[in-house]
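To start, the structure itself, in structure tokens.
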Amino acid sequence: MNKELTVIRICLLAVSLGLSSFANAATPQDLLKTYEYQSGKASPARGEQFFNAKHGKEWSCASCHENPPNHDTKHIVTGKVIKPLSPNANPARFTDEAKAEKWFKRNCNDVLGHDCTAQEKADVLAWLMTIK
Amino acid sequence: MKNFFTLIAAVLVASPAFAAKMPMPSDMPKSYEAECASCHMAYPPRLLGEKSWQNVMSGLNKHFGTDASLDAKDQKEISVWLQKNAATKQKYNVVAPENRITKTSWFIRKHDEIKADVWKRAGVKSPANCGACHTTAAEGIFSEKNISIPAK
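Heads up: the protein sequence lines correspond to chains A and B, in order. Each residue of the first sequence is one higher than the one before, counting from 1 in the working numbering. Each residue of the second sequence is one higher than the one before, counting from 133 in the working numbering.
In structure tokens form, the structure reads like this:
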């Protein structure tokens, strides 16, 4: 009986470790759902417009990521190569919620001067997912 | 013979200029590459003094015109490492104006022959883009032999 319990405990531990190591893992679809859940249905067309427009400051998203963002681009100031932002061109994109949130925070501050709304994130992500 | 000694002396004096090696310390945390080198090259910590790194790291939400803020864990890890590996040579261990490597007197002196329009070329963009001309910058080698200035 004790032995059985130990086996069950080990299995539970293994499962929980396995799950925790994937805690951050996501797909672009997961992230899109999260942002839509916090706001409303995403509009790729609105996302495209948002991405390419300036919002009262010097840069747009496209200043560094270009349009369409499906190829290596260069940081507008430093010239550093930035890998493609579209998840179709770069499967590593939008697979880690914390990382996506970190970059939205930084880059929205650079482009808008404040955080993006969940709706804006949903729209942009929905558009990026349509880019081949 | 006198010329020969003059030549030797000239080589000895000049050689430090050709030996600008700034290898990355082997204990570089992964966060440095992931967080800092996403937007610019991973600058060798010896390019700035301890105080300047401290200043840079305490103002990341306004980092040369961009928001480069970090979470507390990465912030601490990178700060400690940069300060531990900061410039020790007197020449580099200066408080950099605006905390910019490119505004230190040694940087300006080293690049005084570069005309203003060269910095603005599309292939260069900024003095912060070491690798545009220093072809081995990523390996921390800034030797004058390894320079190729983009024509446009």
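Note that the Cβ used here is the ideal one computed from N, Cα and C, for glycine as well. Just so we're clear, the structure is a prediction, and the values are computed from it rather than from any experiment.
(request) Would you mind telling me which residues of chain A sit closer than 7 Å to B:M173, beta carbon to beta carbon, in chain order? (result) Residue 173 of chain B sits at position 41 when you count from the first residue of the second sequence. Those within 7 Å of B:M173 in chain A are K80.
(message) Can you give me the C-alpha to C-alpha distance between A:K99 and A:P91, rounded to a whole angstrom?
(response) What you label residue 99 of chain A is simply residue 99 of the first sequence in a count that begins at 1. What you label residue 91 of chain A is simply residue 91 of the first sequence in a count that begins at 1. The alpha-carbon of A:K99 is positioned some 14 Å away from that of A:P91.
(request) Please determine if the segment 171-184 of chain B and the segment 71-82 of chain A are in contact, where contact requires at least 3 C-beta pairs separated by less than 8 Å. (result) In short, these stretches touch, since the Cβ pair count reaches three.
(request) Could you name the residues of chain B that A:R106 contacts, counting a contact when the two beta carbons are closer than 8 Å? (result) To locate residue 106 of chain A, count along the first sequence from 1; it is residue 106. Under the 8 Å cutoff, chain B gives T198, D199, A200 and S201.
(request) Can you tell me which of the three DSSP states A:A26 falls into? (result) Taking the first sequence and counting its residues from 1, the one referred to as residue 26 of chain A is at position 26. Three-state result, A:A26: coil.
(request) Look up B:T268 in the DSSP assignment and say whether it is helix, strand or coil. (result) As a first step, residue 268 of chain B must be located in the second sequence, where it is residue number 136. Reduced to three states, the DSSP call for B:T268 is coil.
(message) Taking the alpha-carbon of B:S190 as reference, which of B:L179, B:P176, B:R178 and B:Q215 has the nearest alpha-carbon?
(response) Counted from its first residue, the second sequence places residue 190 of chain B at position 58. Selected option, being the one with the closest Cα: B:Q215.
(message) Which runs of the alpha helix (DSSP H) at least 4 residues long sit entirely within the segment 40-68 of chain A? Give them in chain order.
(response) List check, alpha helix (DSSP H) in window: 44-52 and 62-65.
(message) Please report the straight-line C-alpha distance between A:E101 and B:E245, rounded to a whole angstrom.
(response) The count along the first sequence starts at 1 and reaches residue 101 of chain A at position 101. The count along the second sequence starts at 1 and reaches residue 245 of chain B at position 113. Each residue's Cα considered, the two are about 43 Å apart.
(message) Can you find the residues in the same chain that come closer than 6 Å, C-beta to C-beta, to B:I281, ignoring five residues on each side of it along the sequence?
(response) For the purposes of this step, residue 281 of chain B is identified with residue 149 of the second sequence, where counting begins at 1. In chain order, C265 place their CB closer than 6 Å to the CB of B:I281, counting only its own chain and leaving out the 5 sequence neighbours on each side.
(message) Assuming contact is defined by CB atoms lying nearer than 9 Å, are A:S44 and A:R93 in contact in what I supplied?
(response) On the first sequence, position 44 is the one that residue 44 of chain A refers to. On the first sequence, position 93 is the one that residue 93 of chain A refers to. Correcting the residue type first, residue 44 of chain A is Pro in the shown sequence and not Ser. Their beta carbons are not under 9 Å apart, which means A:P44 does not touch A:R93 by this criterion.
(request) Report the rounded CA-to-CA distance for B:A260 versus A:D115, giving the unit in angstroms. (result) Position 128 of the second sequence, counting from 1, holds the residue named residue 260 of chain B. Position 115 of the first sequence, counting from 1, holds the residue named residue 115 of chain A. Cα-Cα distance, rounded: 27 Å.
(request) Please list the partners that B:A264 has in chain A, where partner means a Cβ-to-Cβ separation under 8 Å. (result) Residue mapping note: residue 264 of chain B aligns to position 132 of the second sequence, counting from 1. B:A264 reaches chain A at G79, counting residues in chain order whose Cβ is nearer than 8 Å.
(message) Could you tell me the alpha carbon to alpha carbon distance between B:R232 and A:I131, rounded to whole angstroms?
(response) Within the second sequence, the letter at position 100 stands for residue 232 of chain B. Within the first sequence, the letter at position 131 stands for residue 131 of chain A. B:R232 and A:I131 have their C-alpha atoms roughly 38 Å apart.
(request) Check B:I233 in the structure and name its three-state DSSP category. (result) By one-based count along the second sequence, residue 233 of chain B stands at place 101. Three-state DSSP puts B:I233 in a helix.
(request) For the alpha helix (DSSP H) holding A:C148, just list the boundary residues, first then last. (result) This structure gives no information on residue 148 of chain A, because the portion of chain A shown stretches from 1 to 132.
(request) Check the Cβ-Cβ distances between A:D110 and every residue of chain B, and say whether any is below 9 Å. (result) Looking up residue 110 of chain A in the first sequence gives position 110. Closer than 9 Å to some Cβ of chain B, the Cβ of A:D110 qualifies, so yes.
(request) Going by DSSP, name the residue or residues bridged to B:V212. (result) On the second sequence, residue 212 of chain B is found 80 positions in, with the first residue counted as 1. Per the DSSP secondary-structure output, B:V212 pairs with nothing in a beta bridge.
(request) Give the interface partners of B:N261 over in chain A, defined as CB-CB distance under 8 Å, in chain order. (result) Within the second sequence, numbered from 1, the residue matching residue 261 of chain B stands at position 129. Going along chain A in sequence order, the residues near B:N261 (Cβ under 8 Å) are T78, G79 and K80.
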